[in-house]
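Basically the working numbering = 1-based index in the sequence shown + 190.
Glycine included, every Cβ here is placed at the ideal spot set by N, Cα and C.
Have a look at the structure below, then the notes.
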Amino acid sequence: MNNIILIGFMGVGKSTIGSELAKKLSYKFIDSDHKIEEIAGMSIRDIFRTYGEKYFRSLEYEVIRDIVSISDIVLATGGGAVMNNELFDILLSKGIVIHLDASLSTLYDRLMDSNNRPMLDHSNPKKRIEELYKLRRPIYMKAHHTINTDGKKVRNIVDEIAEIIIGREEGKN
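Below, the structure is given as structure tokens:
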């Protein structure tokens with residue numbers, strides 16, 4: 191199965207990079223959060239507010255499990271999707287999992303002005319970012335490959351991922 195699955199913290203650029211990567215490789219791009227919103231008929235924020243995180247994570251599991259049964263896709267997952275061990279194992283078996291990484295300071299800069307991140311509905315969003323980052327990063331590091339995005343242009347990251355994919359197909363990675 192020739193799927194590329196992008197994981198990483200919120201704000202790291204999974205959707206932007208995934209969309210460009212899919213174009214470059216002539217793959218279909220799917221953003222799991224957008225697919226969830228489409229199926230639920232409401233925003234992620236509204237799902238969290240109305241039904242809670244547990245319901246959202248259950249829906250996320252089902253949606254991503256179904257998505258990865260498709261071939262030749264680039265999938266951008268939600269930042270917390272990999273915290274479900276069973277789902278992460280499915281991702282690892284259904285494609286090449288690429289962890290897009292960034293420093294905490296880069297993530298702060300990208301996220302502090304965002305008002306569409308329900309996991310940051312918190313009295314101290316900066317502290318919440320740090321807590322979630324420390325919790326999630328060890329899981330992200332179990333990906334097949336990690337790419338640091340700090341200070342890089344989208345096209346350079348896309349090229350770096352494409353080289354990894356081509357190298358794997360040629361048996362180099």
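In terms of residue numbering, what span does the alpha helix (DSSP H) encompassing Ile234 cover? The residue given as residue 234 occupies position 44 in the sequence shown. Per DSSP, Ile234 belongs to the alpha helix (DSSP H) from Ile234 to Tyr241.
Straight-line Cα distance separating Asp291 from Ala333: On the sequence shown, residue 333 is found 143 positions in, with the first residue counted as 1. On the sequence shown, residue 291 is found 101 positions in, with the first residue counted as 1. Between Ala333 and Asp291, the C-alpha separation is close to 11 Å.
Is Lys332 helix, strand or coil when you go by DSSP? Position 142 of the sequence shown holds residue 332. Residue state, collapsed to three classes: coil.
Quick one: grab the DSSP three-state call for Asn346. Here residue 346 refers to the residue found at position 156 of the sequence shown. Three-state result, Asn346: helix.
Over the uninterrupted alpha helix (DSSP H) stretch that includes Phe199, give me the two end residues. Stepping through the sequence shown from its first residue, residue 199 is reached at position 9. From DSSP, Phe199 is part of no alpha helix (DSSP H); its letter is neither H nor E.
I need the DSSP call for Asn338, collapsed to helix, strand or coil. As a position in the sequence shown, residue 338 is number 148, starting the count at 1. In the structure shown, Asn338 sits in a strand (DSSP, three-state: E or B).
Quick check on Ile257: buried or exposed, where buried means 16 or more other Cβ atoms within 10 Å of its Cβ? As a first step, residue 257 is located in the sequence shown; it is residue number 67 there, counting from the start. Buried is the call here.
Identify the continuous alpha helix (DSSP H) that holds Ala230 and give its terminal residues. Position 40 of the sequence shown, counted from the first residue, corresponds to residue 230. That run of the alpha helix (DSSP H) goes Ser222 to Ala230.
Could you give the C-beta distance for Ile234 and Asp223, rounded to a whole number, given that I count them as a contact under 8 Å? Residue mapping note: residue 234 aligns to position 44 of the sequence shown, counting from 1. Residue mapping note: residue 223 aligns to position 33 of the sequence shown, counting from 1. About 6 Å; that satisfies the 8 Å criterion.
Between Leu301, Asp236, Leu211 and Gly285, which lies nearest to Asp349 when the distance is taken from Cα to Cα? Start at 1 with the first residue of the sequence shown, and residue 349 comes out as number 159. It is Leu211 whose Cα lies nearest to the Cα of Asp349.
Just to confirm the assignment: which complete beta strand (DSSP E) runs, minimum length 3, are found wholly within the region 259-318? 263-266 and 286-291
Thinking just about the alpha-carbon of each residue, which of Glu320, Ala352, His335 and Leu301 is nearest to the one in Gly185? For the chain, the structure presents residues 191 to 363; residue 185 sits outside this window and is missing.
For Phe219, the residue or residues it bridges with in DSSP: For the purposes of this step, residue 219 is taken as residue 29 along the sequence shown, with counting starting at 1. In DSSP, Phe219 forms a bridge with Val264.
Any chain C beta carbon closer than 8 Å to Ile195: Protein chain content of the structure displayed is limited to a single chain, and chain C is not contained in it.
Given this structure, state the Cα-to-Cα distance separating Ser293 from Ser261, to the nearest angstrom. On the sequence shown, position 103 is the one that residue 293 refers to. On the sequence shown, position 71 is the one that residue 261 refers to. Their backbone Cα atoms lie some 32 Å apart in a straight line.
Beta-carbon spacing of Tyr330, Ile197 below 8 Å: Indexing the sequence shown from 1 puts residue 330 at position 140. Indexing the sequence shown from 1 puts residue 197 at position 7. In this structure, Ile197 lies closer than 8 Å to Tyr330 by Cβ.
Alpha-carbon spacing of Val253 relative to Asn274, whole angstroms: On the sequence shown, residue 253 is found 63 positions in, with the first residue counted as 1. On the sequence shown, residue 274 is found 84 positions in, with the first residue counted as 1. Near 13 Å, if we compare the C-alpha coordinates of Asn274 and Val253.
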